[in-house]
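Mapping of the sequence shown onto UniProt numbering: position 126 corresponds to residue 126, and the numbering continues sequentially without gaps.
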Amino acid sequence: MNITAFTVRTRLLVSFGALASLVLVVCGFALHAQWKSYRVFASYVNEDAQRLQLSNRVLDAANARAIGARDLVIVDSETERAALKSAVGQADQRVQQNLARLKQALATADDIGERERELFSTIERIEAEYGPVARAIVDLGASGRREEAIRRIDEQCRPLLARLIAAADAYVEHGNKLAAEHVALADAAFAAQRWLLVGVGLAAMLLAGVLAHLVTRGITRALGAEPGELGAAASRVADGDLGPVPGAEHAPAGSVLASLGAMQRSLAQIVAQVRSASDSIATGSAQIATGNADLSQRTETQASNLAETAASMDEMSASVRHNAETAQQATQLAGSASGVARQGGQVVGAVVSTMQEISDSSRRIADITGVIDGIAFQTNILALNAAVEAARAGEQGRGFAVVAGEVRSLAHRAAEAAREIKSLIGSSVEKVEAGSRLVGDAGRTMDEIVAQVQRVADLIGEIGHATTEQTAGIAQVSTAVGGLDQATQQNAALVEESAAAAESLRQQAARLTTLVSVFRLGAGEAAPVAAVPAAAARPTTTAPQRPARPAPLPTTKSRPALPAPAAVAPASAGDDWTSF
């Protein structure tokens with residue numbers, strides 16, 4: 001694993017982490033050794049010594065019980081016997097209590113061997129035989145049966161007591177042997193742990209030295225020089241000295257010193273490029289300012305022309321509105337004439353209908369006259385027949401003949417009147433028919449007049465509609481011209497702002513050139529300051545007076561946000577600004 005692949009922070013963290021881990025390992029070993037020593041000591045104090053102490057207490061209590069039983073047999077006083085009996089009873093209770101506690105200690109201990117359990121079982125078994133014998137001897141001595149008590153002491157008590165003492169001594173000897181073994185184990189463990197701690201400490205010191213060497217070498221190679229030298233090189237760059245960094249060419253690749261050398265070379269190139277760019281920006285900003293001044297003048301002229309155009313469009317709009325109103329009046333008059341013509345046509349139609357009715361009535365009268373003429377003719381024939389019959393009758397029919405003659409005369413007069421009426425009726429019918437034809441022609445003429453008047457009204461209406469549309473179009477054109485006028489005014493303001501921005505850009509370029517001159521590209525050589533051309537003076541032009549406008553143009557929307565300006569190439573002397 002290459003340690004140089006890690007960062008300085010990682011190296012330091014790993015090194016100190018490893019040292020901390022070693023310290024923790026050493027502390028862990030020390031704590032483990034201390035814990036084992038404590039376990040051995042605690043086992044000796046809390047278990048071995050306690051069991052030895054309990055076994056000794058059992059032995060002492062058994063001896064006290066035996067001595068009390070012997071004394072009880074020897075004394076004669078009842079008071080002394082009672083006191084000794086009480087003492088022997090207490091000693092017997094201590095024997096039983098200490099045996100029970102020793103048994104409990106053996107039951108709760110972890111490292112009890114079979115030998116120790118056998119020895120305790122022997123003590124417990126002998127006590128089970130010896131306890132009743134001792135108590136019986138005490139009872140015999142207390143009741144005054146001395147001989148029997150002495151006999152049982154000699155026969156039973158002494159052998160059992162000797163066996164109990166021997167078993168207790170064997171248990172104590174075994175306990176002392178175990179304690180000695182535990183002490184020996186503790187000494188051996190202490191020696192082993194001591195050498196282990198020494199080895200771990202030496203390994204930790206060796207590993208710490210290796211890590212310190214690796215980290216120091218890695219940091220030194222990463223820096224490439226002492227921190228003081230690096231600080232001095234950075235201070236020279238901060239002071240504007242972009243000369244070569246000492247030792248950077250021979251510094252290890254990727255080191256801080258090599259990076260400082262690369263930074264110095266890059267900064268020197270950047271400063272040279274910035275100096276050249278600032279010269280170009282200064283020249284271009286001066287040319288932009290000159291072009292903006294010319295553009296501002298032409299924009300103001302165009303704004304004046306647009307204002308005059310807007311005024312002319314307003315006058316034209318007023319004329320077209322007047323024509324539209326006149327056409328509307330003509331349309332109304334044509335509509336009125338068309339209505340009158342339609343009414344005349346209706347009257348002529350009524351006259352034609354009346355003439356037709358008169359013609360029909362005349363024809364009927366002519367028919368009636370024909371009937372009257374026929375009646376007169378037949379009456380004449382009848383009168384003639386009556387005269388013939390009266391002539392045949394002679395004198396008797398003379399009066400009848402006179403009446404027949406009168407009737408014939410009346411029939412003749414009626415026939416003549418009928419013929420005259422028929423002639424007059426025929427002439428009237430012919431005149432009525434001629435009048436009807438004339439009235440029909442007049443009606444058709446009136447219909448044509450109505451159609452022509454309606455057509456004229458339609459044409460005048462179309463003219464009025466076209467005039468209205470023309471008025472709306474002229475209003476839109478006027479609005480557009482007004483918008484162009486306002487946009488031109490805004491463009492003029494933008495040109496002013498652009499000129500101000502160009503002047504500010506020129507000043508910033510001059511300031512940038514001055515700032516760049518602080519850096520020294522070589523050994524004590526400063527970057528030369530380029531002469532920044534001054535912006536051309538903007539010709540002072542007076543904006544022409546805008547003519548008064550008949551009607552105000554609609555308010556246009558606020559000027560939208562300008563887009564970011566594109567890179568402007570330097571303007572040549574022959575640029576043409578006549579078109580906008």
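The C-beta atom is built at its ideal place from N, Cα and C for all residues, glycine as well.
| message | Rounding to the nearest angstrom, what Cα-Cα distance links Arg9 and Ala258 in this structure? | response | 20 Å
| Three-way DSSP call (helix, strand, coil) for Val73 in this model | helix
| request: Answer yes if the segment 143 to 154 comes into contact with the segment 183 to 194, meaning at least three C-beta pairs across the two stretches below 8 Å, and no otherwise. | output: no
| request: Return helix, strand or coil for Ile137, following the three-state DSSP convention. | output: helix
| Ser409 to Met355 span [Cα, whole Å] | 37 Å
| Going by the CB atoms, is the gap between Val26 and Gly201 shorter than 8 Å? | yes
| Just curious, the alpha helix (DSSP H) that Ile153 is in, first and last residue? | Neither: Ile153 is in no alpha helix (DSSP H) and is coded neither H nor E.
| field | Buried or exposed (CB count within 10 angstroms, at least 16 for buried), Phe120 | value | buried
| query | Hey, Glu300 and Ala492: beta-carbon distance below 8 Å or not? | reply | yes
| query | For Ile365, which of helix, strand or coil comes out of DSSP? | reply | helix
| Can you give the Cα-Cα distance for Ser359 and Gly426, rounded to whole angstroms? | 10 Å
| Alpha-carbon to alpha-carbon, Val75 and Ala87 | 14 Å
| request: Can you tell me which of Ala415, Ala414 and Lys431 puts its alpha carbon nearest to the alpha carbon of Ser362? | output: Lys431
| field | Run of the alpha helix (DSSP H) containing Arg145, from where it starts to where it stops | value | No alpha helix (DSSP H) contains Arg145, which DSSP labels as neither H nor E.
| message | Give me, in chain order, the residues of the same chain whose beta-carbon lies closer than 8 Å to that of Cys157; leave out the 5 immediate sequence neighbours on both sides. | response | Ala66, Ala69, Tyr130, Val133, Ala134 and Ile137
| Of all the options Met313, Val172 and Arg81, which has the alpha carbon lying nearest to the alpha carbon of Arg145? | Arg81
| How many angstroms separate the CA atom of Ala212 from the CA atom of Gly17? | 12 Å
| said: For Gln470 and Val340, which I take to be in contact (beta-carbon distance under 8 Å), what is that distance rounded to the nearest angstrom? | reply: Not confirmed; about 30 Å, so no contact.
| request: Decide yes or no for the touch test of the segment 489 to 505 against the segment 322 to 340: beta carbon pairs closer than 8 Å, at least 3 of them. | output: no
| task | Determine contact between the segment 433 to 451 and the segment 380 to 400, defined as no fewer than three beta-carbon pairs at a distance below 8 Å. | result | no
| said: Let's test the definition: count the other Cβ atoms within 10 Å of the Cβ of Met313 and tell me whether it reaches 16, buried, or not, exposed. | reply: buried
| Where does Glu173 land, buried or exposed, given buried means 16+ other C-beta within 10 angstroms? | exposed
| task | To the nearest angstrom, report how far apart Ala277 and Gly483 are at their CA atoms. | result | 40 Å
| task | Alpha carbon to alpha carbon, how far is Ala501 from Gln507? Give it in angstroms, no decimals. | result | 10 Å
| Mind checking Val402: buried by the 16 CB within 10 Å criterion, or exposed? | exposed
| message | Here's the rule: buried if 16 or more other CB atoms are within 10 angstroms of the residue's CB, otherwise exposed. What is Gln452? | response | exposed
| field | Straight-line gap, Gly335 to Ile474 (C-alpha atoms, nearest Å) | value | 28 Å
| Is the beta carbon of Thr379 less than 8 Å from the beta carbon of Ala411? | yes
| query | Hey, how far is the Cα of Gly261 from the Cα of Arg217? | reply | 21 Å
| First and last residue of the uninterrupted alpha helix (DSSP H) at Gly89 | Glu78 to Thr108
| said: Taking the beta carbon of Met205 as the centre, do at least 16 other beta carbons fall within 10 Å, making it buried, or is it exposed? | reply: exposed
| task | Would you tell me roughly how many angstroms separate the C-alpha atoms of Leu19 and Glu181, rounded to the nearest one? | result | 39 Å
| request: Keeping to the same chain, check which residues put their C-beta closer than 8 Å to that of Asn176; ignore five residues upstream and five downstream. | output: Leu52
| request: If I'm right that Leu84 touches Leu72 with Cβ under 8 Å, what's the distance once you round it to whole angstroms? | output: 4 Å
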